[in-house]
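Protein chains in written order, with the numbering used here: chain A, 1 to 181; chain B, 1001 to 1181. C-beta: ideal position from N, C-alpha, C; glycine also. Small disclaimer: the values here were computed from a predicted structure and weren't measured.
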DNA sequence: GATCTGGATTTAGTAAAGGAACTTAGCTAT
DNA sequence: ATAGCTAAGTTCCTTTACTAAATCCAGATC
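Given below as structure tokens:
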């Protein structure tokens, strides 16, 4: 669906979407995590048009999210496995799944449970403060311009953000969630 | 093009993408979090075609992720604010941003820092075990069919998953990340 | 009364999605 | 021996969505 490239945005969300945000791509990665790694298996599982699947796989390989590795089954065939970069996407995938679990689940319950191998407990994505180590709610979070911030697409917000130590900005940082009034 | 709807997948990732996964939609939500809530401001910030923005806003409002609220500026105008459902999407957005920060950042550094209002520490999305409370790495995580699992699109993986207490499945659960050999 | 502004809608051309058939090359069942 | 099967695509065609630019509209401002 992509005409506009997001790769030149000064925004990590946009740059992420540019790599894995196309229609079908996150589902292809989901299948890779669940062990569905071959063209026909992915195609049958998702019902994705073969042409689109071929394009998406090529894009994901090109960006180093998947790697195309040969295996033998008579003649040489190929599997698509996650690279380290791809495996690192799991947190985002779980966060997307969690949101669907919370807001889009029917009466039957969630389709998939994700659990910790150690204790069997359910695994969920949460925002954690690197400093105090606590899980943080979404109303105590602020955005601040980072060193890579610059004027351009996706940065209308710059004037609203508190900048780093050297640059000027508003006195108050921008809360990412409005406080209830 | 008639994009395939993901709403009938038995997969929370697919159902999430069906609501917020269209090209541009996550960036519109990002702007909403950062306080850019008016049509022209979003349009100018992202450079999104006006027609597409109008469609996306309508879709997000329809699904209850944003709400269209009137405000007065001479005549009545409208702002698009996050609902609770929309605000709950922040964890997923941060997870996507984190991945871009780690894998797609240039030499200048990250465009945006997200910090904890309390202590000022950086905030990151992590997978947490609900049982033991620990952050879990992506190689100690398993998928198991949940109560809402069923045969259908996105569920070729069912035979590979350990089912709940009442149903049969393989003895070993499926690790979401392959163990290194 | 002309222009500006916010919030869109319309129009028109182009790029991409969807669906189905076709390709290739080794293996297998008749 | 040949017909069929399989995996991994590729090709072709139709339909739809995206992008860009122009237009609309009503109140405010010059």
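- Residue 86 (chain A): member of the alpha helix (DSSP H) spanning 84–87, first to last residue.
- By the Cβ test, the segment 1132–1139 of chain B is not in contact with the segment 97–111 of chain A, since fewer than three Cβ pairs between them sit closer than 8 Å.
- For residue 1059 (chain B), the secondary structure class from DSSP, reduced to helix, strand or coil, is helix.
- Excluding its 5 nearest sequence neighbours in each direction, residue 68 (chain A) has C-beta neighbours in its own chain below 8 Å: 57, 61, 78, 79, 80, listed in chain order.
- Listed by position along chain A, the residues whose Cβ is nearer than 8 Å to that of residue 1128 (chain B) are 123, 124, 125, 126, 128, 135.
- Per the coordinates, the alpha-carbon of residue 114 (chain A) lies some 10 Å from the alpha-carbon of residue 1129 (chain B).
- Going by DSSP, residue 114 (chain A) is part of the beta strand (DSSP E) stretching over 112–116.
- Rounded to whole angstroms, the separation of the alpha carbons of residue 1082 (chain B) and residue 104 (chain A) is 17 Å.
- When Cβ-Cβ separations below 8 Å define contact, residue 1051 (chain B) makes no contact with chain A.
- Uninterrupted alpha helix (DSSP H) stretches at least 4 residues long and entirely within the segment 10–86 of chain A occur at 12–20, 25–33, 39–46, 50–62, given in chain order.
- Taken through DSSP and simplified to helix, strand or coil, residue 94 (chain A) comes out as helix.
- Below 8 Å, enough C-beta pairs join the segment 22–36 of chain A and the segment 1001–1018 of chain B to call them touching: three or more.
- Closest option to residue 108 (chain A), judged by alpha-carbon separation, among B:1117, B:1118, B:1149: B:1149.
- If you draw a 10 Å sphere on the C-beta of residue 1040 (chain B), you find fewer than 16 other C-beta atoms in it, and that means exposed.
- Collapsing the DSSP output to three states places residue 137 (chain A) in coil.
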